[in-house]
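Number of protein chains: 2
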Amino acid sequence: MHIGILGAGQLGRMMAISGIPLGMRFTMYDRGADVPGAAVADIVTGAFDDLQRLRRFAQRVDLVTFDWENVPVASARAVAAIAPVRPSPRALAAGQDRVAEKRLFTRLGIPVAPWRPVEDRGDLARAIAALGVPGILKTRRLGYDGKGQARVRRATDADRAWQLVRGQPLVYERFVNFSREVSLVGARDRAGRTMFYPLAENLHVDGILAMTRAPCADARLQRGAESHLGRLMAALAYTGVLCVEFFVERGRLVANEMAPRVHNSGHWTIEGAETSQFENHLRAIAGLPLGSTRARGHSVMVNLIGRMPPRRSIAALPGVHLHDYGKSPRPGRKLGHLTYVGASRTVRDRLAIRLLRLAGAGTRSFRPMC
Amino acid sequence: MHIGILGAGQLGRMMAISGIPLGMRFTMYDRGADVPGAAVADIVTGAFDDLQRLRRFAQRVDLVTFDWENVPVASARAVAAIAPVRPSPRALAAGQDRVAEKRLFTRLGIPVAPWRPVEDRGDLARAIAALGVPGILKTRRLGYDGKGQARVRRATDADRAWQLVRGQPLVYERFVNFSREVSLVGARDRAGRTMFYPLAENLHVDGILAMTRAPCADARLQRGAESHLGRLMAALAYTGVLCVEFFVERGRLVANEMAPRVHNSGHWTIEGAETSQFENHLRAIAGLPLGSTRARGHSVMVNLIGRMPPRRSIAALPGVHLHDYGKSPRPGRKLGHLTYVGASRTVRDRLAIRLLRLAGAGTRSFRPMC
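Heads up: the protein sequence lines correspond to chains W and H, in order.
Residue numbers for the first sequence follow this note's numbering, so the first one is 1 and each next one is one higher.
Residue numbers for the second sequence follow this note's numbering, so the first one is 1001 and each next one is one higher.
Right under this line is the structure:
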């Protein structure tokens, strides 16, 4: 089976690495040829709104999926006229606009933080007055890794925040005073059967995911998150892997955002689960039965951001696995990740601290997980 | 680091799949371009004795290793004049001639079955008279997967055996009345440090490896095999992964043959060990510290020979991993393998029987392992 991927970043690269042993081959579409996916796939270059090139790309493959969730929906629809696109352009659209996403969550009974759409400076003042501070002013579209966001700690921060992100549709969200951040990765096959990984707990530093630990052994949270994700997948007639990030506020799940694709907080599944999120995404879109999502131990995943530690230091840590995305270093850029699977939480957490240090992420926020 | 591999079969393919996440890139040399490695590497095509093309290939890479142990030693030497070749051409040569191999084993105190070189029909008669029957007449060079071998059950089989393999240097070996076949995969880094995987038990059907189970929990055999392999690696100043297959005859190890490369009986390590044989081979030749060889449970690996079972049947078995080599089916050809890692030997063996059936290998010879 010949899989096309829109986007050829690290997610596409890891998808191909897990799909090639299944007998699949890959062609990826991206703006340039010097991309992480190039090591494991043919690359077609073109703009993401060049419908003619996208159609030619679609003609080469059996079905198409995403490495990047911000592919224009019109482009996904043009591709879908030629080859099956999974998840569907409709599911893709649902995650591209924070307002549409929050409305969908609310309609499905998935709690979200209080929010207001913001079109102008007056909207922002009214939103702050109605919802209070602290809060976050976010662009409705194209935000990731903390980009397109401005904090509003006090009402007097409003002007600075406005200047930072103005000029596009925005949303003001009241800050959730969370005790933990968790995410649930699930897969839904073409027959509507679902499988969920154990909840993972995330640590963000400066808006970028620094560390994920799994499984988070809280049966009540797991049930709640699975119920939310299951309803969301059913509502979107979803095929593939879907991730929702949640805050935990006084023991209650509050949805932050969804990603209609494999997710950074699921990278631990490569070594840490019986079937990785990448393989399960491919199984789902290829019409195969899903694989076991059982955890193989206590996992930690630490992102390598901005610079790569010496390979020798990584290789010297027993049981630690490097995933180098083949990208050139740049501040704030995700260059790779490290994984470790331990026999207990204690052993895992001991390694987690070493990995955070090696990654230069600091360990101030480190504490036992759920 | 840019790794060159001589040969682009499934071993090279799996090596690249494990090395790309380490940030390595791969170029492979083989006779044709339609090879398993093509999914994950650039391919340079040429004959294995075309020294000019081989030299150009070597100029493109940082160091060179093998997917195929029968690369002519003169070719390996020509390449070594341009780029480091690991393991060395000398180590490669040691495994290419059964007589040289047996002499080396004997010199190092590694037991082998009684044997005699055979140049003509008279030699064969004298060898049978001296060593007895049953025995096996083998070509000294280029044998694999049971090819280039003829059984001599009774003295009257000698003529038929001679006709089957005559025309090249041969060796007659007395048949070892073994209770088990095991193999040890070990790695040696550039500083001479060694790591050994747990012994694996192999089941051959018609001369081809059908199934491997690991770990084989026999501490005495493990110690003995490690001692043999360690001496062999030291004698060859070896860098990389090396495998020796042994018979177990009345509780005693008898070496059958060595392979100066990753080995089919080590494929279980991809899911079943903390670091796979492929990653450890790459770590060794790249000058990185070796990774943990600890088993992650009780593994079985079943080869898919001649035909691929339906993908849906494979995917429906929880915890089973497919490794498709991307080859077109042909009787007797290794097309892929399946792996399963279980929590106990009982659970693993239950799956092993299902996998053998799925692979069409039959289960007549199945019994509890060491």
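Ideal Cβ placement from N, Cα and C applies to all residues, glycine included.
Every value quoted in this text rests on a predicted model; they were computed, and no experiment measured them.
Please report the distance separating the alpha-carbon of residue i from that of residue j.
| i | j | result |
| --- | --- | --- |
| residue 1193 (chain H) | residue 147 (chain W) | 47 Å |
| residue 1080 (chain H) | residue 1049 (chain H) | 14 Å |
| residue 109 (chain W) | residue 328 (chain W) | 43 Å |
| residue 1160 (chain H) | residue 1053 (chain H) | 41 Å |
| residue 1137 (chain H) | residue 300 (chain W) | 54 Å |
| residue 1286 (chain H) | residue 35 (chain W) | 24 Å |
| residue 1083 (chain H) | residue 1015 (chain H) | 19 Å |
| residue 308 (chain W) | residue 352 (chain W) | 17 Å |
| residue 267 (chain W) | residue 209 (chain W) | 12 Å |
| residue 124 (chain W) | residue 172 (chain W) | 7 Å |
| residue 1332 (chain H) | residue 1149 (chain H) | 15 Å |
| residue 1113 (chain H) | residue 21 (chain W) | 38 Å |
| residue 73 (chain W) | residue 158 (chain W) | 32 Å |
| residue 152 (chain W) | residue 69 (chain W) | 27 Å |
| residue 1038 (chain H) | residue 1078 (chain H) | 24 Å |
| residue 1156 (chain H) | residue 1122 (chain H) | 14 Å |
| residue 1345 (chain H) | residue 1295 (chain H) | 13 Å |
| residue 42 (chain W) | residue 30 (chain W) | 11 Å |
| residue 1091 (chain H) | residue 1235 (chain H) | 9 Å |
| residue 319 (chain W) | residue 1273 (chain H) | 10 Å |
| residue 1310 (chain H) | residue 11 (chain W) | 27 Å |
| residue 1023 (chain H) | residue 186 (chain W) | 29 Å |
| residue 395 (chain W) | residue 132 (chain W) | In the structure as shown, chain W begins at 1 and stops at 370. Residue 395 (chain W) is therefore absent and cannot be evaluated. |
| residue 1104 (chain H) | residue 297 (chain W) | 43 Å |
| residue 288 (chain W) | residue 1174 (chain H) | 49 Å |
So the candidates are the options; which of them puts its Cα closest to the Cα of residue i?
| i | options | result |
| --- | --- | --- |
| residue 1183 (chain H) | H:1036, H:1159, H:1108 and H:1229 | H:1229 |
| residue 1166 (chain H) | H:1347, H:1006 and H:1117 | H:1117 |
| residue 313 (chain W) | W:77, W:356, W:233 and W:199 | W:356 |
| residue 1367 (chain H) | H:1321, H:1186, H:1211 and H:1163 | H:1211 |
| residue 1340 (chain H) | H:1334, H:1205, H:1332 and H:1350 | H:1350 |
| residue 1201 (chain H) | H:1218, H:1021 and H:1186 | H:1218 |
| residue 1027 (chain H) | H:1255, H:1248 and H:1064 | H:1064 |
| residue 1258 (chain H) | H:1093, H:1305, H:1291 and H:1030 | H:1093 |
| residue 1169 (chain H) | H:1154, H:1099 and H:1205 | H:1099 |
| residue 1342 (chain H) | H:1067, H:1120 and H:1215 | H:1215 |
| residue 1222 (chain H) | H:1239, H:1252, H:1238 and H:1029 | H:1252 |
| residue 60 (chain W) | W:41, W:47 and W:4 | W:4 |
| residue 102 (chain W) | W:120, W:325 and W:141 | W:141 |
| residue 197 (chain W) | W:203, W:213, W:2 and W:204 | W:213 |
| residue 1205 (chain H) | H:1019, H:1032, H:1017 and H:1360 | H:1360 |
| residue 1237 (chain H) | H:1032, H:1188, H:1001 and H:1324 | H:1188 |
| residue 231 (chain W) | W:24, W:106, W:19 and W:88 | W:106 |
| residue 303 (chain W) | W:292, W:288, W:293 and W:324 | W:324 |
| residue 178 (chain W) | W:255, W:75 and W:225 | W:255 |
| residue 1276 (chain H) | H:1017, H:1317 and H:1239 | H:1017 |
| residue 181 (chain W) | W:191, W:291, W:174 and W:249 | W:249 |
| residue 86 (chain W) | W:362, W:6 and W:224 | W:6 |
Helix or strand or just coil, what does DSSP make of residue i?
| i | result |
| --- | --- |
| residue 1142 (chain H) | coil |
| residue 105 (chain W) | helix |
| residue 1208 (chain H) | strand |
| residue 298 (chain W) | strand |
| residue 1328 (chain H) | coil |
| residue 1174 (chain H) | strand |
| residue 312 (chain W) | helix |
| residue 48 (chain W) | coil |
| residue 42 (chain W) | strand |
| residue 280 (chain W) | helix |
| residue 28 (chain W) | strand |
| residue 180 (chain W) | strand |
| residue 167 (chain W) | coil |
List the residues of chain B whose Cβ lies closer than 8 Å to the Cβ of residue i, in chain order.
| i | result |
| --- | --- |
| residue 1289 (chain H) | This model lacks chain B altogether, as its protein chains are W and H. |
Item to complete: Identify each residue in the segment 1012-1045 of chain H for which the Cβ-Cβ distance to at least one residue of chain W is less than 7 Å, and report them in chain order.
Response: Cβ contacts with chain W come from 1017, 1020, 1021, 1022, 1023, 1025, 1039 and 1040.
Discussion item. Using a Cβ-Cβ cutoff of 7 Å, what residues of the segment 1257-1290 of chain H are near chain W? List them in chain order.
Written reply: For the segment 1257-1290 of chain H, residues whose beta-carbon sits nearer than 7 Å to a beta-carbon of chain W comprise 1274, 1283, 1288 and 1289.
Practice prompt. Mind checking the segment 1187-1215 of chain H against chain W and listing, in chain order, the residues whose C-beta falls within less than 8 Å of any C-beta there?
Written response: Cβ contacts with chain W: none found.
Worksheet entry | Positions along the segment 321-355 of chain W whose CB lies within less than 7 Å of some CB in chain H | Answer in chain order: 322, 323, 324 and 326.
Worksheet entry | Chain-ordered residues of the segment 221-252 of chain W with a beta carbon less than 8 Å from chain H | Residues of the segment 221-252 of chain W with a C-beta atom less than 8 Å from some C-beta of chain H do not occur.
Worksheet entry | Contact list for the segment 1100-1113 of chain H against chain W, Cβ threshold 7 Å | Within the segment 1100-1113 of chain H, no residue places its CB atom closer than 7 Å to a CB of chain W.
Worksheet item: Are three or more beta carbon pairs between the segment 232-244 of chain W and the segment 252-270 of chain W nearer than 8 Å?
Response: In short, these stretches touch, since the Cβ pair count reaches three.
Worksheet item: Is the number of C-beta pairs between the segment 1274-1284 of chain H and the segment 1123-1136 of chain H that are closer than 8 Å three or more?
Response: Contact fails: fewer than three Cβ-Cβ distances are below 8 Å.
Item to complete: With 9 Å as the limit, tell me which residues of the segment 1291-1311 of chain H have their beta carbon closer than that to any beta carbon of chain W; keep them in chain order.
Response: Correct list: 1291, 1292, 1294, 1296, 1297, 1308 and 1311.
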